Amino acid sequence: MHIVIMGCGRVGAALAQTLEQQGHTVAVIDQDPTAFRRLGSGFGGRRVTGVGFDQDTLREAGIEDAGAFAAVSSGDNSNIIAARVAREMFSIENVAARIYDPRRAEVYQRLGIPTVATVRWTADQMLRRLLPSGAEPLWRDPSGGVQLAEVHTTPSWIGHKISTLQEETGVRVAFLTRLGEAILPSSQTVLQEGDLVHVMMRTDEIAKVEEAFAQGPEEDGH
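What follows is the structure, encoded as C-alpha coordinates:
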(Lines of atoms letter the chains of each structure in order from A and count residues from 1; the text may use other names and numbers.)
(Lines give C-alpha, C1' and ligand atoms only; values in the text may rest on other atoms or scores of the structure.)
Protein backbone atom coordinates (compact mmCIF):
# COMPACT_ATOMS: atom_id res chain seq x y z
CA MET A 1 0.00 0.00 0.00
CA HIS A 2 1.12 3.59 -0.60
CA ILE A 3 0.74 5.77 2.49
CA VAL A 4 1.04 9.55 2.78
CA ILE A 5 2.10 11.12 6.08
CA MET A 6 1.81 14.83 6.87
CA GLY A 7 4.33 15.91 9.49
CA CYS A 8 7.91 14.78 9.91
CA GLY A 9 8.29 15.20 13.65
CA ARG A 10 9.20 12.30 15.92
CA VAL A 11 5.85 10.55 15.42
CA GLY A 12 5.71 11.08 11.65
CA ALA A 13 9.31 9.93 11.12
CA ALA A 14 8.86 6.83 13.31
CA LEU A 15 5.60 6.00 11.53
CA ALA A 16 7.21 6.40 8.11
CA GLN A 17 10.17 4.19 8.99
CA THR A 18 7.95 1.48 10.49
CA LEU A 19 5.60 1.42 7.50
CA GLU A 20 8.48 1.24 5.05
CA GLN A 21 10.03 -1.63 7.01
CA GLN A 22 6.69 -3.44 6.68
CA GLY A 23 6.93 -3.20 2.90
CA HIS A 24 4.70 -0.19 2.20
CA THR A 25 5.69 2.77 0.02
CA VAL A 26 5.64 6.05 1.96
CA ALA A 27 5.64 9.77 1.18
CA VAL A 28 6.22 12.31 3.94
CA ILE A 29 5.10 15.94 3.69
CA ASP A 30 6.54 18.76 5.81
CA GLN A 31 6.86 22.52 5.43
CA ASP A 32 10.37 22.45 6.87
CA PRO A 33 12.82 20.59 4.60
CA THR A 34 15.28 20.15 7.48
CA ALA A 35 12.67 17.98 9.27
CA PHE A 36 13.35 15.16 6.79
CA ARG A 37 16.69 14.53 8.53
CA ARG A 38 14.71 12.55 11.12
CA LEU A 39 13.98 9.94 8.45
CA GLY A 40 17.63 8.94 8.18
CA SER A 41 19.65 8.13 5.09
CA GLY A 42 18.11 4.67 4.76
CA PHE A 43 14.59 5.95 4.10
CA GLY A 44 13.63 5.23 0.51
CA GLY A 45 10.29 7.04 0.33
CA ARG A 46 9.35 10.45 -1.01
CA ARG A 47 10.14 13.66 0.84
CA VAL A 48 7.73 16.43 -0.20
CA THR A 49 8.20 19.99 1.02
CA GLY A 50 4.91 21.86 1.29
CA VAL A 51 1.64 22.36 3.12
CA GLY A 52 -0.05 19.05 3.87
CA PHE A 53 -3.58 20.16 3.04
CA ASP A 54 -2.65 21.73 -0.31
CA GLN A 55 -4.07 19.54 -3.08
CA ASP A 56 -1.06 19.96 -5.38
CA THR A 57 1.30 19.00 -2.54
CA LEU A 58 -0.82 15.94 -1.81
CA ARG A 59 -0.79 14.94 -5.47
CA GLU A 60 3.00 15.28 -5.51
CA ALA A 61 3.09 12.90 -2.55
CA GLY A 62 1.02 10.37 -4.51
CA ILE A 63 -2.28 10.81 -2.68
CA GLU A 64 -4.22 9.65 -5.75
CA ASP A 65 -2.60 6.23 -5.47
CA ALA A 66 -2.64 6.08 -1.66
CA GLY A 67 -4.56 3.67 0.51
CA ALA A 68 -4.08 5.64 3.72
CA PHE A 69 -3.27 9.12 5.03
CA ALA A 70 -1.93 10.18 8.44
CA ALA A 71 -1.92 13.79 9.65
CA VAL A 72 0.59 14.02 12.50
CA SER A 73 1.94 17.57 12.33
CA SER A 74 2.13 19.76 15.44
CA GLY A 75 -1.02 21.73 14.55
CA ASP A 76 -4.54 20.48 15.31
CA ASN A 77 -6.17 22.68 12.67
CA SER A 78 -3.70 21.66 9.96
CA ASN A 79 -4.14 17.99 10.83
CA ILE A 80 -7.92 18.01 10.70
CA ILE A 81 -8.06 20.10 7.50
CA ALA A 82 -5.58 17.78 5.80
CA ALA A 83 -7.48 14.71 6.99
CA ARG A 84 -10.75 16.08 5.63
CA VAL A 85 -9.15 16.97 2.28
CA ALA A 86 -7.74 13.45 1.99
CA ARG A 87 -11.10 11.91 2.88
CA GLU A 88 -13.43 14.23 0.98
CA MET A 89 -11.39 15.38 -2.04
CA PHE A 90 -9.37 12.24 -2.71
CA SER A 91 -11.71 9.59 -1.21
CA ILE A 92 -8.99 8.04 0.98
CA GLU A 93 -10.74 5.51 3.20
CA ASN A 94 -8.11 5.04 5.91
CA VAL A 95 -7.46 8.46 7.41
CA ALA A 96 -6.30 9.40 10.91
CA ALA A 97 -5.47 12.74 12.51
CA ARG A 98 -3.39 13.47 15.58
CA ILE A 99 -5.18 15.98 17.82
CA TYR A 100 -3.69 17.53 20.95
CA ASP A 101 -6.95 18.98 22.32
CA PRO A 102 -9.15 16.08 23.54
CA ARG A 103 -12.34 18.19 23.27
CA ARG A 104 -11.64 18.79 19.60
CA ALA A 105 -10.81 15.14 19.10
CA GLU A 106 -14.30 14.12 20.25
CA VAL A 107 -15.91 16.58 17.81
CA TYR A 108 -13.84 15.36 14.86
CA GLN A 109 -14.44 11.74 15.80
CA ARG A 110 -18.17 12.40 15.43
CA LEU A 111 -17.50 13.90 11.99
CA GLY A 112 -16.08 10.55 10.95
CA ILE A 113 -12.37 11.39 11.11
CA PRO A 114 -10.56 8.89 13.37
CA THR A 115 -8.42 10.89 15.79
CA VAL A 116 -5.64 10.17 18.24
CA ALA A 117 -5.79 12.64 21.14
CA THR A 118 -2.19 12.57 22.31
CA VAL A 119 -2.55 14.02 25.81
CA ARG A 120 -5.69 12.12 26.70
CA TRP A 121 -4.34 8.82 25.38
CA THR A 122 -1.13 9.20 27.39
CA ALA A 123 -3.02 10.21 30.52
CA ASP A 124 -5.48 7.32 30.11
CA GLN A 125 -2.65 4.83 29.69
CA MET A 126 -0.83 6.20 32.76
CA LEU A 127 -4.02 6.00 34.84
CA ARG A 128 -4.61 2.49 33.56
CA ARG A 129 -1.22 1.43 34.91
CA LEU A 130 -1.54 3.38 38.18
CA LEU A 131 -5.13 2.39 38.96
CA PRO A 132 -5.85 -0.87 37.13
CA SER A 133 -9.44 -2.01 37.26
CA GLY A 134 -12.22 -3.34 35.08
CA ALA A 135 -12.04 -3.52 31.31
CA GLU A 136 -10.66 -0.99 28.85
CA PRO A 137 -12.32 -1.35 25.43
CA LEU A 138 -9.82 -1.34 22.54
CA TRP A 139 -12.07 -2.26 19.60
CA ARG A 140 -15.74 -3.00 18.88
CA ASP A 141 -17.25 -4.67 15.85
CA PRO A 142 -19.63 -2.47 13.79
CA SER A 143 -22.70 -4.00 15.43
CA GLY A 144 -21.31 -3.32 18.91
CA GLY A 145 -21.99 -6.89 20.01
CA VAL A 146 -18.38 -8.05 20.37
CA GLN A 147 -15.37 -6.18 21.67
CA LEU A 148 -11.66 -6.52 22.29
CA ALA A 149 -10.65 -5.21 25.71
CA GLU A 150 -7.75 -5.21 28.13
CA VAL A 151 -9.13 -6.65 31.37
CA HIS A 152 -7.46 -6.16 34.73
CA THR A 153 -6.46 -9.53 36.15
CA THR A 154 -6.17 -10.14 39.89
CA PRO A 155 -2.75 -11.50 41.00
CA SER A 156 -4.35 -14.83 42.02
CA TRP A 157 -4.48 -15.76 38.30
CA ILE A 158 -0.67 -15.70 38.10
CA GLY A 159 0.66 -19.22 37.55
CA HIS A 160 -2.57 -20.47 35.96
CA LYS A 161 -2.94 -21.52 32.33
CA ILE A 162 -4.76 -19.48 29.71
CA SER A 163 -7.09 -22.46 29.23
CA THR A 164 -8.22 -22.19 32.87
CA LEU A 165 -8.79 -18.45 32.55
CA GLN A 166 -10.87 -18.96 29.40
CA GLU A 167 -12.94 -21.80 30.84
CA GLU A 168 -13.81 -19.98 34.05
CA THR A 169 -14.47 -16.53 32.57
CA GLY A 170 -16.03 -17.45 29.22
CA VAL A 171 -13.73 -15.22 27.16
CA ARG A 172 -11.18 -15.84 24.43
CA VAL A 173 -7.73 -14.48 25.15
CA ALA A 174 -6.66 -12.70 21.96
CA PHE A 175 -3.12 -11.85 23.08
CA LEU A 176 -0.95 -10.93 26.05
CA THR A 177 1.39 -7.99 26.47
CA ARG A 178 4.45 -9.29 28.30
CA LEU A 179 7.43 -7.04 29.08
CA GLY A 180 6.13 -4.55 26.52
CA GLU A 181 5.74 -7.07 23.70
CA ALA A 182 2.58 -8.67 22.34
CA ILE A 183 2.53 -12.47 22.33
CA LEU A 184 -0.06 -14.93 21.02
CA PRO A 185 -0.55 -17.46 23.82
CA SER A 186 -1.54 -21.12 23.51
CA SER A 187 -3.96 -22.79 25.91
CA GLN A 188 -0.90 -24.03 27.84
CA THR A 189 0.65 -20.57 28.29
CA VAL A 190 0.91 -19.68 31.97
CA LEU A 191 0.13 -16.17 33.17
CA GLN A 192 3.09 -14.32 34.61
CA GLU A 193 3.33 -11.31 36.87
CA GLY A 194 2.96 -8.10 34.85
CA ASP A 195 1.08 -9.69 31.94
CA LEU A 196 -1.63 -7.53 30.38
CA VAL A 197 -4.51 -9.70 29.17
CA HIS A 198 -6.45 -8.69 26.05
CA VAL A 199 -9.65 -10.64 25.45
CA MET A 200 -12.52 -10.94 22.98
CA MET A 201 -15.93 -10.99 24.61
CA ARG A 202 -19.58 -10.13 24.14
CA THR A 203 -20.29 -6.52 25.03
CA ASP A 204 -23.29 -7.48 27.17
CA GLU A 205 -21.08 -9.72 29.32
CA ILE A 206 -18.49 -7.12 30.33
CA ALA A 207 -19.65 -6.86 33.95
CA LYS A 208 -19.65 -10.65 34.38
CA VAL A 209 -16.17 -10.95 32.85
CA GLU A 210 -14.76 -8.12 34.99
CA GLU A 211 -16.11 -9.83 38.10
CA ALA A 212 -14.62 -13.21 37.12
CA PHE A 213 -11.22 -11.67 36.42
CA ALA A 214 -11.32 -9.80 39.74
CA GLN A 215 -12.35 -12.85 41.79
CA GLY A 216 -9.58 -15.13 40.58
CA PRO A 217 -9.70 -18.89 39.87
CA GLU A 218 -12.45 -20.94 41.50
CA GLU A 219 -9.99 -23.29 43.20
CA ASP A 220 -6.38 -22.82 44.11
CA GLY A 221 -4.42 -25.11 41.84
CA HIS A 222 -7.41 -25.74 39.56
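Heads up: the sequence shown is residues 212 to 433, going by this note's numbering. Cβ atoms here follow ideal geometry from the backbone N, Cα and C, with glycine treated the same way. Just so it is clear, the structure is predicted and the values come from calculations on it, not from any experiment.
- Comparing alpha-carbon positions, the option among His235, Glu361 and Ile291 lying closest to valine 318 turns out to be Ile291.
- Taking 4 residues as the shortest admissible run, the stretch 346 to 392 contains the following complete alpha helix (DSSP H) segments, listed from N- to C-terminal end: 373 to 380.
- Closest option to histidine 371, judged by alpha-carbon separation, among Gly427, Ala281, Ile324 and Asp415: Gly427.
- Of the residues Glu404, Gly220 and Leu390, the one whose Cα lies closest to the Cα of serine 284 is Gly220.
- In the DSSP assignment, arginine 221 falls within the unbroken alpha helix (DSSP H) covering 221 to 232.
- Per DSSP, the unbroken alpha helix (DSSP H) holding arginine 298 starts and ends at 287 to 299.
- Isoleucine 394 carries a strand assignment under DSSP once its states are collapsed to helix, strand and coil.
- DSSP, reduced to helix, strand and coil, places valine 262 outside both helices and strands of the structure shown, so it counts as coil.
- With fewer than 16 neighbouring CB atoms inside 10 Å of its own CB, isoleucine 394 falls in the exposed class.
- When DSSP states are grouped into helix, strand and coil, alanine 281 belongs to the strand group.
- For alanine 425, the uninterrupted alpha helix (DSSP H) run begins and ends at 417 to 426, by DSSP.
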